[in-house]
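*Asks:* Going line by line, the protein sequences match chains A and H.
To convert, count from 1 in the first sequence and add 7; that's the numbering used here.
To convert, count from 1 in the second sequence and add 7; that's the numbering used here.
Cβ coordinates follow ideal geometry from the N, Cα and C atoms, glycine included.
There are 2 protein chains.
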Amino acid sequence: MTETPVPEIHAAWLPPVVFRALGSRRVRVDGEGPLAGTVRAEVADACARFGGVAQPSSPPDLLLTVAASGGAAGSEGFLLGHRDGATVVLADGPAGLLPGFFEVVRRGEAAFDPGLADERHEPHFGLRVLDHWDNVFVHPVMGQVERGYAGGSLFWHQGRLRDDLTRVRDYARLLAASGVNAVTVNNVNVHEGETHLLTDRLGEVAAIASTFRGYGIRVHLAINFAAPVILGDLPTADPLDPAVRRWWSDTTDRVFATIPDFGGYLVKADSEGQPGPFTYGRTHADGANMLAAALAPHDAPVRWRAFVYNHRQDWRDRTTDRARAAHDHFAPLDGRFAGNVILQVKHGPMDFQPREPVSPVLFAMPNTRLAVELQVTQEYTGQQKHVCYLPPMWSGVLGFRPTGDASAADSGRTSAVVLSAVANAGDDRFWTGHPLAQANLYAVGRLGWAPGRDPAAILDEWISLTFPDAPPRLRRTLHTVMDGSWLTYEQYTAPLGVGFMVRPGHHYGPDVDGYEYTPWGTYHFADRDGIGVDRTVATGTGFTGQYPPPWRDRYESLSTCPDELLLFFHHVPYTHVLQSGTTVIQHIYDTHFAGAQRVAEMRAQWRSVAGLVDPAVHARVTERLAEQHRSAEEWRDQINTYFHRKSGIPDAKGRPIH
Amino acid sequence: MTETPVPEIHAAWLPPVVFRALGSRRVRVDGEGPLAGTVRAEVADACARFGGVAQPSSPPDLLLTVAASGGAAGSEGFLLGHRDGATVVLADGPAGLLPGFFEVVRRGEAAFDPGLADERHEPHFGLRVLDHWDNVFVHPVMGQVERGYAGGSLFWHQGRLRDDLTRVRDYARLLAASGVNAVTVNNVNVHEGETHLLTDRLGEVAAIASTFRGYGIRVHLAINFAAPVILGDLPTADPLDPAVRRWWSDTTDRVFATIPDFGGYLVKADSEGQPGPFTYGRTHADGANMLAAALAPHDAPVRWRAFVYNHRQDWRDRTTDRARAAHDHFAPLDGRFAGNVILQVKHGPMDFQPREPVSPVLFAMPNTRLAVELQVTQEYTGQQKHVCYLPPMWSGVLGFRPTGDASAADSGRTSAVVLSAVANAGDDRFWTGHPLAQANLYAVGRLGWAPGRDPAAILDEWISLTFPDAPPRLRRTLHTVMDGSWLTYEQYTAPLGVGFMVRPGHHYGPDVDGYEYTPWGTYHFADRDGIGVDRTVATGTGFTGQYPPPWRDRYESLSTCPDELLLFFHHVPYTHVLQSGTTVIQHIYDTHFAGAQRVAEMRAQWRSVAGLVDPAVHARVTERLAEQHRSAEEWRDQINTYFHRKSGIPDAKGRPIH
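Printed below as a string of C-alpha cells:
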C-alpha cells in the first residue's frame with residue numbers, strides 16, 4: 008500500500024506572507040499549556056521568517072496573554088486592544104489565545120494601529136463543527152468521501168489511517184484560523200467498517216485527535232446506532248435495554264480513557280436506511296437520551312440529526328410532504344431531550360437545495376438545544392465545479408427572524424447553540440477542488456463567531472488573506488466573480504424555490520423530471536398549466552402552518568409569499584404574475600438566459616486577470632469555469648425547453664429555445 | 008478464492024425424462040470422431056436409464072449414421088425418416104449426427120411413428136452464435152456480465168477461469184439441443200483485462216473450447232481493436248500499418264495453433280468509446296479486412312458490428328438521427344469487405360427496443376455477408392424480471408420482406424447468413440434468472456435452423472420439453488402466460504414505437520424524460536401538443552429513405568405507417584387518429600391500463616397452477632411476477648400521468664391518473 012504522492016499543497020488563507028506584520032515585530036506570548044505552546048511556536052516561525060523577535064526581553068509590540076480576570080476555563084473569548092504602546096490580546100483562558108492570535112494575523116498591519124479601540128470577541132456558537140462525510144473504505148457507490156468533490160479523505164487512504172498526518176495538522180491550522188473548533192471525522196452514514204472506529208479502531212481516531220489538539224480542535228465521531236449488535240454481539244440495540252445502555256456507557260468510557268478531550272457523538276438514525284430507535288418501537292428522544300447518558304459523565308454532547316423522513320414515498324400520494332417530516336417527528340418531542348442532546352437540524356426543510364425556506368424546526372423547540380446544519384460541500388450547488396459562494400445564503404438562515412421583524416431583538420433569531428457544516432475538503436492540492444470554494448470553508452468559522460457579519464466582508468477578508476499581494480483589480484474581480492455567484496447559480500437551476508430537478512444519484516446537472524416519479528418526496532408537479540407544490544394550510548399539505556406567525560401567513564398567501572420561494576409553497580399557473588411584475592414562465596426564461604450569460608461574463612472576467620494570479624490557481628479555476636459555463640448552458644436549455652414544451656408559451660424576447 | 012456453492016441446477020429443456028422414448032429402444036450410432044462419440048455416450052446414458060439397448064447386435068429401432076452420399080464435411084444437415092422398420096437419421100456428415108439425435112429426442116414417441124415421412128433438415132443460418140457479454144473481472148459499473156440478469160459468468164469467477172467447467176458442459180449440451188453452434192465467450196466491450204484472453208490468457212479460452220467441442224460448438228472471442236498497442240507494445244493499431252497486420256496475423260496463428268477449431272473474432276469498434284479504425288483515419292472496411300486477412304488462412308470469419316453512432320450527440324440538434332447511423336456508416340462500404348467479414352447488424356436501427364422497425368442495413372448491402380443480431384438478454388424488455396417471450400418479435404424481423412409482399416419468394420427476405428444473439432444465461436440455478444426466460448434462449452437455435460417456424464410452436468415445444476409430464480392445464484397456462492407477453496410488455500411501456508423512456512444507466516423501469524436531454528440520440532420530443540420523431544424524407548431526418556420501396560413510402564406516409572411504429576417515424580398531435588380508430592392519447596391510456604391489467608391476470612393464472620409445477624420453479628416465477636406487476640403499474644401510472652399532465656386530455660373512460 009503506497010500513498011499517492013501529492014503535488015505542492017496550496018496554502019489557502021494562510022500563505023506565509025500574511026504573518027508579515029506580526030512576524031516583523033516583537034511578540035510575547037504568556038500562558039501555560041499546549042495551546043499557548045502552539046501560539047508561541049507560530050510566533051517563533053513568523054518572527055524567524057520576517058525578522059521580528061519572539062518572546063523579547065524588551066517590551067513587546069504585541070502581547071498575547073490570559074487575562075487575570077478570565078472567564079470560564081474553556082472560554083475562547085478574548086479582548087483585543089492597545090495598552091502602553093502595544094497591541095494586546097487578553098484571553099479569557101488558554102483557549103482564547105489561539106483565536107486572538109489569528110485575529111491579529113488576519114488584521115495584518117491594522118492590528119498595530121495605536122488607535123485600536125478595545126474589542127471584545129466571543130464566539131456566538133460555542134461549538135462550530137465541520138462534519139466530514141469520509142469513509143474509511145471506498146464505498147462502492149458514494150466513493151471515499153460521500154458527496155466529496157475534492158479528492159480522497161485527509162484521514163484515510165486505502166482502508167487505513169494515513170501514515171503521514173502532516174496535512175491533517177495543516178488542515179487543523181487552517182480551521183483554527185477560520186474559527187472552527189471541532190471536526191467529525193467520519194460519514195454520518197456509518198457503514199460496517201467505519202462502525203469499528205468506536206472500538207477496535209479507536210486508536211486511529213486518537214491519532215487524528217492528537218493532530219487536531221494543538222490547534223484547539225476536538226474530534227467527534229459519527230456512530231452507528233446498531234453498534235451494540237455489530238460490535239457488541241448483543242441481540243438488540245434497543246435504547247431502553249439495560250445491556251445496551253451499559254454497552255454504550257462502557258464503550259464511551261473507553262473512548263474517553265483513550266481521548267480525554269473527545270468531542271462527542273453524531274448520529275443519523277432512522278433515516279435513509281440507517282438503523283435507529285424506531286426498529287425497537289422507541290422514540291428519537293429515547294435513542295438520543297441513551298447516548299446522552301453515556302456521554303454525560305464526560306460532559307460531552309450527542310448531536311442527533313433531525314433529518315428523518317419517509318424515503319419510500321409513493322409519488323402518487325400528494326398528501327405526504329417531506330418538508331413537514333422533521334417538524335412532525337421532532338417538535339412533539341420538545342422538552343424530552345436530555346441537556347447534552349443537541350438536535351441537529353438542516354437549515355431548510357428539504358435537503359440543502361440552493362433555495363429553501365428556513366426550517367421551522369429551528370423555531371419550534373424552545374426547550375431543546377439545537378444545531379443548525381449547513382452544507383459546505385456543494386452537493387446541490389455545483390459540486391465544486393461551479394463557483395458558488397454560499398455565505399449569503401447562510402447569512403439569511405442565521406439572521407432569519409421568526410417574528411418577521413427586522414428590527415426585533417436578536418433573541419428572536421434561531422436559538423441554535425451549535426453551528427455545524429458538512430465539510431468540503433479532501434486531499435486535493437487546493438483542499439476543495441475548486442480553489443474559490445475555499446471561501447465557503449473559511450466562512451463557516453467566521454460566521455460561527457459572528458453570524459451577523461456581512462458575507463461580502465468575509466469574502467473580502469478571505470481574498471485579502473488568500474491573495475495577499477493582489478493588486479486592486481484582482482481583488483475586485485474576485486469579489487465580482489464570487490459575491491453574487493450563489494444567486495447566479497440559482498438563476499440557471501431550478502426556479503423559484505421549487506428545488507431538485509437534478510440528475511438522480513449524483514445530483515449534478517439538470518433533469519427536470521429526474522425525481523418527479525421517485526420515492527424521494529421531491530416533486531414539482533409541473534403540468535401543461537402550471538407548477539409548484541401547494542404547501543398551504545388552506546388547500547395543500549399544511550406545511551406553512553409549521554411556521555410561527557407572521558411567516559405562516561406570509562407563506563400561506565400568494566400575495567405575500569416571496570417570489571424566490573413561490574413554487575416551494577404554491578402551485579400556480581405559468582401566467583401567474585410575480586411580485587416582480589413578470590409572469591412565472593417569463594421569469595423562468597429570463598433568469599435562465601441571464602444566469603448562463605452571467606457565467607460567460609465570469610469566465611471573461613477571470614480570463615482578464617490571468618497574469619495576476621498563481622498560474623496553478625488560475626488554470627484550475629479556468630478549467631472549472633469552462634465546465635460551469637457548459638453546465639449553465641445545459642441547465643438553461645433543458646429548463647427552458649422543458650417549460651416551453653409544457654406550457655407552449657413563447658419567450659417574450661424570442662430567444663432560442665429548443 | 009473459493010467458488011460459491013450452487014444449489015441444484017435446473018435441467019431446463021433437457022430433463023432426463025425427455026430421453027425416455029429413445030432410451031427405451033434399441034439404438035445404434037454409426038460414425039467416427041468426437042461428435043459420434045458424444046451421441047453414443049448420450050444414447051448409452053439414455054438406454055441405461057430407460058432400459059433400452061445401445062449399439063444392439065440385432066436390428067435397431069433407431070439408427071443414426073452418416074449417409075454414404077453425404078454433403079460437405081462440416082454440414083450439419085440430416086435426413087430423418089423411416090427405413091426397414093427403424094427410424095433413421097442420415098447425416099450429411101459427422102456434424103449432422105448430434106442435431107439429428109436431438110431432433111429425435113425432441114420428438115419423443117412421435118419419432119418412432121412408422122408412418123414418419125422423410126424430412127430433410129438443414130440449418131438456414133450456417134452460424135448460430137450466442138454472444139456472451141461476460142467480463143473476466145467484475146466491471147465497476149456493468150458487473151460481471153454486462154446487461155446480465157442471471158448471476159455471474161458461467162466461465163469466470165473472481166477474475167479466473169472456473170476450476171469446475173461441469174456447468175459449461177451442461178450449457179453446451181443445452182445449446183446443442185436447441186440448435187446453436189457457436190459461443191462468443193466475452194463481452195464486446197473488451198476491457199484491458201479481457202484483452203489478454205487473446206494471448207497470455209488464451210489457455211482459458213482453449214479450456215472453454217475443449218468443453219464446448221464435444222457438443223459441436225465453436226468458441227469465438229471478442230477482441231479489442233487496440234490489442235496491438237495494449238498487448239503488443241506497438242505504437243499504433245492502424246489497420247494499414249504492416250507491423251500491426253503482422254501482429255494480428257502472428258497472434259491469430261497462435262490462436263489456431265492452440266485451438267484448431269477456433270471460431271473467429273467479434274469486434275465492436277469506434278462505438279460507445281471502444282477503439283477502432285477511425286482513430287487512424289481508416290474506414291471500417293480497412294479495419295475489418297485487416298482482421299479478415301489474419302483469419303483467412305484458417306478459414307474463419309471476423310464479425311464486425313455495425314452498431315456505430317455518435318453517442319455524444321447534442322439533444323438540441325434535431326437533424327442528427329441515430330437511427331440513420333448504421334446505414335450512413337456502412338451502406339457506402341458495400342462490396343468493400345473481404346469474403347470472411349461478416350457485418351453484424353442489430354435487428355433494429357436503434358438498440359433492442361421492444362418495438363423497432365427492421366434495420367434497413369439488412370437490405371442495403373447485397374455484396375456483404377451479414378449477421379442479424381438479436382438480444383436474448385432482456386436489457387430493454389424486463390431484465391428477466393418480466394415474462395417477455397421474444398420470438399414473435401424475432402420472427403417478424405427474420406420474416407420481414409423488403410419487397411413488402413407477403414407472397415414474394417423467400418429470397419426477398421434478409422440475406423443475412425448468420426444469426427447472432429446476446430446471451431441471457433449465467434450461473435443462476437435456473438440459467439436465466441427467470442425460469443420462463445429459458446424459452447428465449449431455446450428459441451435462438453430453433454429459429455436459426457428454421458426462421459420461418461411459428462414462434463407459438465417453438466413455445467409449445469419448449470413447454471413440452473421443460474415440463475414433460477405437465478397436465479394439459481399447466482401447458483395451456485404456460486402458453487397463455489407467455490405467448491402474448493411481448494405485446495403485453497409493449498403495452499405498458501413506451502408507446503407506439505417511440506422507444507426508450509427507461510431509467511438511464513440500468514435501463515429498468517420508466518423514466519419518460521430520462522434520455523430526452525442526453526447525448527445518446529434517443530428522444531421522443533413530446534410537448535403539450537404531440538409526440539414522436541419525424542424521420543420522414545419530406546420534413547424529417549430522411550431515415551425512411553433508407554428503406555427500399557415500398558417500405559420507404561409506407562413509413563413515409565401517415566396514412567400507411569403501421570400504428571405500432573407511428574411515433575418512430577412521425578411526430579403527431581395527441582389527437583391524431585390511429586388506423587385502429589382511436590386517438591394517440593387514448594391509445595396510450597388504453598394500452599397502459601390493459602397491459603398492467605394483463606399482468607395481474609398472468610399472476611392469477613400462475614397462482615392457479617401452483618400444485619402442478621416444481622415448487623422451486625413456481626416460487627421463482629411467482630416472485631418475478633410480483634415484481635413485474637409492481638413495475639407494470641409503475642409504468643402505467645408514470646406514462647399516463649406524464650401524458651395527462653402534458654396533454655391535458657382526460658381519459659375517455661375516467662380511470663385514475665395521478
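Chain H partners of residue 509 (chain A), CB-CB under 9 Å?
*Replies:* The contacting residues do not exist; residue 509 (chain A) stays about 13 Å from chain H at best.
*Asks:* May I ask which residues mark the beginning and end of the beta strand (DSSP E) holding residue 94 (chain A)?
*Replies:* 93-98
*Asks:* At a Cβ cut of 9 Å, what residues of the stretch 491-523 of chain H count as close to chain A, listed as they run along the chain?
*Replies:* Taking 9 Å as the upper bound on Cβ-Cβ separation, chain A lies near residues 510, 511, 512, 517, 518, 519, 520, 521 and 523 of the stretch 491-523 of chain H.
*Asks:* List in chain order: all unbroken alpha helix (DSSP H) runs of 4+ residues lying wholly within the stretch 332-403 of chain H.
*Replies:* 332-337
*Asks:* So which residues of chain H does residue 645 (chain A) contact, with C-beta pairs closer than 7 Å?
*Replies:* 524
*Asks:* Using the C-alpha atoms, what's the distance from residue 394 (chain A) back to residue 444 (chain A)?
*Replies:* 7 Å
*Asks:* Just the C-alpha distance for residue 340 (chain A) and residue 638 (chain H), rounded to the nearest angstrom, thanks.
*Replies:* Straight-line Cα distance between these residues: approximately 38 Å.
*Asks:* When the Cβ atoms of the stretch 136-147 of chain A are set against those of the stretch 424-444 of chain A, are three or more pairs found closer than 8 Å?
*Replies:* Short answer: they touch.
*Asks:* Verify the CB distance criterion: does residue 560 (chain A) have a CB-CB separation below 8 Å to chain H?
*Replies:* no
*Asks:* Can you list the residues of chain A that residue 535 (chain H) reaches, using a CB-CB cut of under 8 Å?
*Replies:* 535, 652, 653, 654 and 655
*Asks:* Touch check for the stretch 491-506 of chain H and the stretch 588-599 of chain H: three-plus C-beta pairs under 8 Å?
*Replies:* yes
*Asks:* To the nearest whole angstrom, what separates the beta carbons of residue 98 (chain H) and residue 73 (chain H), a pair I think is in contact under 8 Å?
*Replies:* 5 Å
*Asks:* Using a Cβ distance threshold of 8 Å, determine whether the stretch 638-658 of chain H contacts the stretch 304-317 of chain A, with at least three qualifying pairs required.
*Replies:* no
*Asks:* Would you mind reading off the limits of the beta strand (DSSP E) that contains residue 74 (chain H)?
*Replies:* Looking at the DSSP string, residue 74 (chain H) is not in any beta strand (DSSP E), and its letter there is neither H nor E.
*Asks:* Roughly how many angstroms lie between the CA atoms of residue 247 (chain H) and residue 276 (chain H), to the nearest whole one?
*Replies:* 16 Å
*Asks:* In chain A, which residues lie less than 9 Å from residue 319 (chain H) when you measure between Cβ atoms?
*Replies:* Here the premise fails: no neighbours, minimum Cβ distance about 13 Å.
*Asks:* Just the chain H side, please: which residues come within less than 7 Å of residue 665 (chain A) by C-beta, in chain order?
*Replies:* 323
*Asks:* Please say whether residue 367 (chain H) and residue 450 (chain H) have beta carbons closer to each other than 8 Å?
*Replies:* no
*Asks:* Nearest to residue 462 (chain H) by CA position, among H:476, H:484, H:434 and H:492, is which residue?
*Replies:* H:492
*Asks:* From which residue to which residue does the alpha helix (DSSP H) around residue 452 (chain A) run?
*Replies:* Taken as a continuous stretch (DSSP letters only), the alpha helix (DSSP H) holding residue 452 (chain A) covers 445-456.
*Asks:* Which value, in whole angstroms, describes the spacing of the CA atoms of residue 447 (chain A) and residue 200 (chain H)?
*Replies:* 42 Å
*Asks:* Compare the C-alpha of residue 293 (chain A) against each of A:252, A:279, A:278 and A:272 and name the closest.
*Replies:* A:252
*Asks:* Kindly indicate which residue of H:619, H:356 and H:94 has the alpha-carbon position closest to the one of residue 35 (chain H).
*Replies:* Checking every option, the nearest Cα to that of residue 35 (chain H) belongs to H:94.
*Asks:* Bridge partners for residue 190 (chain A) per DSSP, in chain order?
*Replies:* A:137 and A:226
*Asks:* What are the boundary residues of the beta strand (DSSP E) that residue 3 (chain H) is part of?
*Replies:* Here chain H has residues from 8 to 665 only, and residue 3 (chain H) is not among them.
*Asks:* Could you give the first and the last residue of the continuous beta strand (DSSP E) run that contains residue 151 (chain H)?
*Replies:* 150-152
*Asks:* Taking 6 Å as the limit between beta carbons, can you name the residues of its chain near residue 127 (chain H), skipping five residues before and five after?
*Replies:* Cβ within range, chain order: 86.
*Asks:* Sort H:324, H:269 and H:585 by Cα distance to residue 644 (chain A) and report the nearest one.
*Replies:* The residue among H:324, H:269 and H:585 with its C-alpha nearest the C-alpha of residue 644 (chain A) is H:324.
*Asks:* In the DSSP output, what is residue 167 (chain H) paired with across the bridge?
*Replies:* Paired residue(s): H:164.
*Asks:* Drop a sphere of 10 angstroms on the beta-carbon of residue 326 (chain H), count the other beta-carbons inside from all chains shown, and report buried for 16 or more, exposed for fewer.
*Replies:* exposed
*Asks:* Residues bridged to residue 85 (chain H) by DSSP?
*Replies:* Paired residues: H:98 and H:128.
*Asks:* Going by DSSP, what residues sit across from residue 538 (chain A) in a beta bridge?
*Replies:* Bridge partners of residue 538 (chain A): A:579.
*Asks:* Note the first and the last residue of the continuous beta strand (DSSP E) segment covering residue 312 (chain H).
*Replies:* 309-312
*Asks:* Give the C-beta separation of residue 25 (chain H) and residue 472 (chain H) to the nearest angstrom, bearing in mind that I take them to be a contact with Cβ-Cβ under 8 Å.
*Replies:* 5 Å
*Asks:* Helix, strand or coil for residue 64 (chain A), going by three-state DSSP, please let me know.
*Replies:* coil
*Asks:* Identify every residue that forms a DSSP beta bridge with residue 671 (chain A).
*Replies:* Look at the range of chain A in this structure, 8 to 665, and you will see that residue 671 (chain A) is not part of it.
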